[in-house]
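As structure tokens, the structure follows; a few thoughts come after it.
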Amino acid sequence: MKSIPLARAIALLTPVLLLGGAYASQYIGGLHPCEMCWWQRYPHMAAIPLVLLAYALRGRACVSALFAGLAGLAIGISGLIGLFHAGVEYGWWEGLTTCSTTPGGGGADLLNQIWATPLIRCDVAPWDLFGISLAGYNGLLSGAAALAILALLLKARKA
5 MKSIPLARAI ALLTPVLLLG GAYASQYIGG LHPCEMCWWQ RYPHMAAIPL
55 VLLAYALRGR ACVSALFAGL AGLAIGISGL IGLFHAGVEY GWWEGLTTCS
105 TTPGGGGADL LNQIWATPLI RCDVAPWDLF GISLAGYNGL LSGAAALAIL
155 ALLLKARKA
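Following the working numbering, the numbering of the sequence shown begins with 5 at its first residue and continues without gaps.
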């Protein structure tokens, strides 16, 4: 039954690495996220506690597999959002019709923060590599990870 431990490992590493990359690109690289970028992060944030439960319950293989599968489902949802976002960036379909931004912090200086916060468009890729945007990479990597988790869990079920 090595399939379930591998599924759990993929379900943990994928959101940790992709969220780490997203936050590094934001805070180190200066690529501020748009609203749809945030939408992609939320399922990854949900996947982490789910897979941690899978690890905590690894003595009960069926329950552990269930939580790993739920984490895989969350990862897959992030991937689908990423592919949708990439399609918006490539102009294949329309996404949000308004720009979004998130001011940081609060307090008396809130108005100045709002004015200083950059407007981030969801239909413009701020970065790409080989013609694939960050949203596209999230879609590809998260989708592949979700399929791998599902395949591993189905393999364990048949064993």
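No residue lacks a Cβ here, since even glycine has one placed at the ideal position from N, Cα and C.
Of the listed residues A51, R64 and I85, nearest to A78 (C-alpha basis)
A51
DSSP state of L145 mapped onto helix, strand, coil: In the structure shown, the three-state DSSP call for L145 is helix.
inquiry  = Can you find the residues in the same chain that come closer than 6 Å, C-beta to C-beta, to S82, ignoring five residues on each side of it along the sequence?
reply    = Excluding positions up to five away in sequence, the list reads Q44, P47, H48 and S146.
Beta-carbon proximity of L74 to V67, cut-off 8 Å
no
Notebook entry, point to check: Pick from C38, A58 and G80: whose alpha carbon is nearest that of E93?
Noted result: Distances from the alpha-carbon of E93 to those of C38, A58 and G80 put C38 closest.
- With a cut-off of 8 Å on the beta carbons, I'd call A58 and R12 a contact; round off their distance for me. 5 Å
To which residues of the same chain is I157 closer than 8 Å at the C-beta, ignoring the five residues directly before and after it?
The residue asked about is misnamed: residue 157 is Leu in this sequence, not Ile. Excluding residues within five positions, the ones whose Cβ falls inside 8 Å are S7, I8, A11, A69, A72, G73 and G76.
| request: Pull up the distance between the alpha-carbon of L22 and that of G63, whole angstroms please. | output: 28 Å
- CB-CB under 8 Å to M165, same chain, minus the five flanking residues each way: which ones, in chain order? For the chain, the structure presents residues 5 to 163; residue 165 sits outside this window and is missing.
Check: Where does I32 sit, in a helix, a strand or coil, going by DSSP?
Finding: coil
What would DSSP say about L77, mapped onto helix, strand or coil? helix
Residue(s) in a DSSP beta bridge with I153:
BP columns for I153 are empty, so no partner.
>> Could you compute how far the alpha carbon of H36 sits from the alpha carbon of Q30?
In response: 5 Å
Buried or exposed (CB count within 10 angstroms, at least 16 for buried), G80
buried
- For L133, which of helix, strand or coil comes out of DSSP? strand
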